[in-house]
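Structure, as structure tokens:
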Amino acid sequence: MLFERHKAGIYRFCLYMLNDAAGAEDIYQEVFINFYRACREGKEMTNVRGYLMTAARTRCLNALKASRRLTSIDDFDDAGVAPDETLADTAEHLRDALQRIPPQYRESFLLFELEGYSYQEIGEQLGITHDVIKNRIYRAKQSLQKILRPLLRE
3 MLFERHKAGI
13 YRFCLYMLND
23 AAGAEDIYQE
33 VFINFYRACR
43 EGKEMTNVRG
53 YLMTAARTRC
63 LNALKASRRL
73 TSIDDFDDAG
83 VAPDETLADT
93 AEHLRDALQR
103 IPPQYRESFL
113 LFELEGYSYQ
123 EIGEQLGITH
133 DVIKNRIYRA
143 KQSLQKILRP
153 LLRE
């Protein structure tokens, strides 16, 4: 029942963090296998969703570090985008833009906008303050706007 309730959100988070379906699938499966093991060992959990998301976050960040795909905010360019966009193209540009922002901005933005977590819930999961979360989400939006600006002009 818990798997059914949380599988889509965990997979979606992993997919947006990594922009790699195979990698997201691997991490998503690892998270649930480790969750199952922890439950079998009698580990007490008061916040299953938080436990799963924190585990997914940690694994995604480790995967990004291992692949050395971490990006600096200063690495953006304003490359143009073709004007005849379809919805699928727009979604692809958004996924690409998400990959170009720093992981700490991306994860806060995704937890807030995609998963619907409150600032308090994000703070509890990431161990950061309300102000830091607010700043990261703001910076993520600013960065995405800068990257996607050529699309908006078309």
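So for the sequence shown, my numbering puts the first residue at 3; every next one is plus one.
Virtual Cβ for every residue (Gly too), placed ideally from N, Cα, C.
Keep in mind it's a predicted model, so treat the numbers as computed, not measured.
Only counting the same chain, and skipping five residues up and downstream in sequence, which positions put a Cβ closer than 7 Å to that of residue i?
i: Val-33; result: Ile-12, Leu-54, Ala-57, Ala-58, Arg-61
i: Ile-124; result: Ser-110, Leu-113, Phe-114, Ile-135
i: Arg-141; result: Tyr-107
i: Cys-16; result: Ala-26, Ile-29, Tyr-30, Ala-58, Cys-62
Count the other CB atoms within 10 Å of the CB of residue i; is the residue buried (16 or more) or exposed (fewer)?
i: Ala-23; result: exposed
i: Ser-145; result: buried
i: Asp-86; result: Residue confidence for Asp-86 is low, a pLDDT of 46 falling below 50, so the modelled location carries little weight and cannot support an answer.
i: Tyr-38; result: exposed
i: Ala-10; result: exposed
i: Gln-122; result: exposed
i: Leu-116; result: exposed
i: Ile-35; result: exposed
Keeping to the same chain, check which residues put their C-beta closer than 8 Å to that of residue i; ignore five residues upstream and five downstream.
i: Leu-66; result: Met-19, Leu-20, Leu-72, Pro-105
i: His-132; result: Tyr-121, Gln-122, Gly-125
i: His-8; result: Val-50, Arg-51, Leu-54
Do you know whose CA, among the options, lies nearest residue i's CA?
i: Arg-138; options: Leu-116, Val-50, Pro-152, Tyr-107; result: Tyr-107
i: Glu-6; options: Gln-127, Gln-31, Tyr-119, His-132; result: Gln-31
i: Thr-48; options: Glu-126, Ala-26, Leu-96, Asn-64; result: Glu-126
i: Leu-100; options: Leu-150, Leu-4, Gly-118, Glu-27; result: Leu-150
i: Ser-120; options: Ile-29, Gly-52, Leu-96, Glu-94; result: Gly-52
i: Thr-92; options: Pro-152, His-8, Glu-27; result: Pro-152
i: Lys-148; options: Ala-68, Gly-129, Asp-133, Leu-96; result: Leu-96
i: Leu-63; options: Ala-26, Cys-41, Leu-4, Arg-42; result: Ala-26
Take residue i and list the residues in its own chain whose beta-carbon comes closer than 6 Å to its own, dropping the five residues that flank it on each side.
i: Ile-103; result: Ala-142, Ser-145
Item to check | Inside the region 5-64 only - alpha helix (DSSP H) runs reaching at least 4 residues | outcome: 23-42
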